[in-house]
Amino acid sequence: LAKLGAKLTTLSKEQADYISVPTEGPFKPDHYRY
Numbered sequence: 146l147a148k149l150g151a152k153l154t155t156l157s158k159e160q161a162d163y164i165s166v167p168t169e170g171p172f173k174p175d176h177y178r179y
């Protein structure tokens, strides 16, 4: 990712609350399928 200039960060409490997921995951509901 460094070659692309991307930087990964952890999900903040505010972000997790906004999208209704726990900060430690899982980030997709059980009914989500690929």
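Take any residue in the sequence shown, note its place counting from 1, add 145, and you have its number in the working numbering. For glycine and all other residues, C-beta sits at the position ideal for the given N, C-alpha and C.
Should residue i and residue j be called a contact, given that it needs their Cβ atoms to be closer than 8 angstroms?
i	j	result
residue 168	residue 161	yes
How long is the line joining the alpha carbons of residue i and residue j, rounded to whole angstroms?
i	j	result
residue 175	residue 159	22 angstroms
residue 165	residue 177	15 angstroms
residue 157	residue 149	23 angstroms
residue 172	residue 151	21 angstroms
residue 146	residue 163	26 angstroms
Which class does residue i belong to by DSSP, given the choice of helix, strand or coil?
i	result
residue 156	coil
residue 177	coil
residue 149	helix
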